[in-house]
Amino acid sequence: MALLNYTPPTNPYLQIITQDDDILVLNKPSGLLSVPGKAKEHADSLQTRVQRVFPCATVVHRLDMATSGLMVMALNKPAHRHISKQFELRETCKTYQAIVFGKVQQDAGEINLPLICDWPNRPKQMVDHERGKKALTHWQVLERNNHTTRVELKPVTGRSHQLRVHMLSMQHPIIGDRLYAHEEALSMASRLNLHAMRLSFRHPANEQLLHFESPVPF
């Protein structure tokens, strides 16, 4: 699926939350790719922008183009290995906030549904109990409104589009989601209402537990 009219935001061009000799923590805006796409017109990305200033910076994890929020990048190979391992072993803690369509009845729960790429409709993902990879999300209602619900989402695994597909599986797609929302839910927001608001991991040099927070922009 091609990125039609890719016009990533440029103000601010780069939002650095913190930096030292080993790591960079950044706030990625909605509409900006985490890493460059294959096509020349998709070269602009968080990675590209960061590497203009920090040529040795490498991406440890990604956010969907439409998702905003916190990302950490490594500034040397030992830091990259250390933080990658934390993500691999699920030792990092990621918290998202989303606004979903409809009123979620329960106050909290978990979604344990395996996911796989929906190949004919890529980049879409889908639930597949036979071939899918394990995907687990904890969720909690923060606020109910007339036609929407604000939820906090904590993914245990890090599958592609996990939160978007898991919310869809509850019949509560995230509003503004161009891939998964039905027309009414899509029309409720000009962007995907999904934001990576908190991120915790251990510093690669001294093992100190770090916590970062980014205000929710919707």
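Heads up: the sequence shown begins at 0 in numbering that gives the first Met the number 0, then just goes up one per residue.
Glycine included, every Cβ here is placed at the ideal spot set by N, Cα and C.
Since the model is a prediction, treat every value here as computed from it, not as a measurement.
In DSSP terms, what residue i is bridged to
i: Ala-107; result: Gln-139
i: Thr-148; result: Val-99, Arg-143
i: His-194; result: Ser-67, Gln-96
i: Pro-154; result: Thr-136
i: Lys-76; result: In the DSSP output, where bridge partners are listed per residue, Lys-76 has none listed.
i: Val-126; result: Leu-114
i: Lys-27; result: Gly-68
i: Phe-211; result: Leu-198
Counted within 10 angstroms of its Cβ, other Cβ atoms place residue i as buried (16 or more) or exposed
i: Leu-88; result: exposed
i: Thr-17; result: exposed
Helix, strand or coil at residue i [DSSP, three-state]
i: Arg-61; result: coil
i: Ser-186; result: helix
i: Gln-14; result: coil
i: Ser-159; result: coil
i: Glu-206; result: coil
i: Ser-44; result: strand
i: Leu-178; result: coil
i: Leu-32; result: strand
Rounded Cβ spacing between residue i and residue j (contact assumed at less than 8 Å)
i: Ala-188; j: Pro-172; result: Going by Cβ atoms, the distance from Ala-188 to Pro-172 rounds to 11 Å, so no, they are not a contact pair.
i: Asp-127; j: Ile-115; result: 4 Å
i: Ser-83; j: Arg-190; result: The Cβ separation is near 29 Å, so there is no contact.
i: Tyr-5; j: Glu-40; result: 6 Å
Within 8 Å, strictly: CB atoms of residue i and residue j
i: Leu-97; j: Leu-162; result: The sequence shown places Ala at residue 97, rather than the Leu named in the question. Yes; because the gap between Cβ atoms is below 8 Å, this pair is in contact.
i: Val-150; j: Leu-141; result: yes
i: Ser-33; j: Leu-45; result: yes
i: Asp-21; j: Pro-203; result: yes
i: Gly-68; j: Met-166; result: no
Closer than 8 Å to chain B by CB, residue i
i: Arg-201; result: No chain B appears in this structure, which consists of one protein chain only.
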